[in-house]
Amino acid sequence: MRFTQLSAVQLVCAAAVFNLCVALTVHASTSVEALQVVLQTNPSGQSNFIQTLTAPASADGSKPRETVSSGSFAFSRPGRFRFDYVAPFPQTLVADGTTMWMYDPDLAQVIASDQATTLSNTPAALITSTADLSKLREHYALESLPADNGLRWVKATPKRAGGALKWVKLGFDTDYVVAMVMVDQFGQTSDMRFSPLKPLQAPAAKVFSFNPPSGADVIRQ
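For the sequence shown, the working numbering puts the final residue at 235, and the numbers step up evenly by one.
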């Protein structure tokens, strides 16, 4: 199934976006303290994003490959989010609180998996279940990074080696989280940039529900 835009690192970490890209007006002394405020702020919202995936240079010396995609996302804590990719081709990722749905309309294929299992022991699972950073610190080392290009940054690194994620960094200004950079163990980088958060424009029950289209091939994992 062609989920090139939703690569392994995105499937591991995507849900962290909807909890961290929330309205933020803080005066915390460190970026980690500011992150605690983020987790306790808006319970829902939506935004647009641009994502750049960069594959590492290959062994033959060829240059790193970049793929740029764009779309919208929405979230509602706890446990529900939606990504709608519109370019370069449409794809949808929906977590309804129980099931993770991945839909490729061009291939008329749907993958359905247990949400808790798919996101187990990831930043997504930990952040969606609590607004307390102490839970996140059980599995990830959090570091306040120096400001860069007008943004404050927090880096989260898994304490247990061998997982799909190498590290994730979150960048925010005085109002919103506007950037998320993730690197997986294969050296692939995902750089996501977000527009300012807006309220949900439709009832949450509608936004975060997914019914496989008629005729689509549904694969349950």
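Just so you know, even glycine gets a beta-carbon here, dropped at the ideal spot from N, CA and C.
In the three-state scheme derived from DSSP, where H, G and I count as helix and E and B as strand, Ser45 is classed as helix.
Residue range 165-172 is occupied by the beta strand (DSSP E) that includes Lys169. Assigned with DSSP and collapsed to three states, Gln235 falls in coil, not helix or strand. Take the alpha-carbon of Lys180 and the one of Thr68: they are about 15 Å apart.
In this structure, the CA atom of Leu159 is about 7 Å from the CA atom of Lys169. Here DSSP, grouped into helix, strand and coil, assigns Arg94 to strand. With respect to Arg207, Ile64 sits close: the two C-beta atoms are nearer than 8 Å. Assigned with DSSP and collapsed to three states, Leu150 falls in helix. Sorting Gly176, Thr203, Ala218 by C-alpha distance to the C-alpha of Lys183 places Thr203 at the top.
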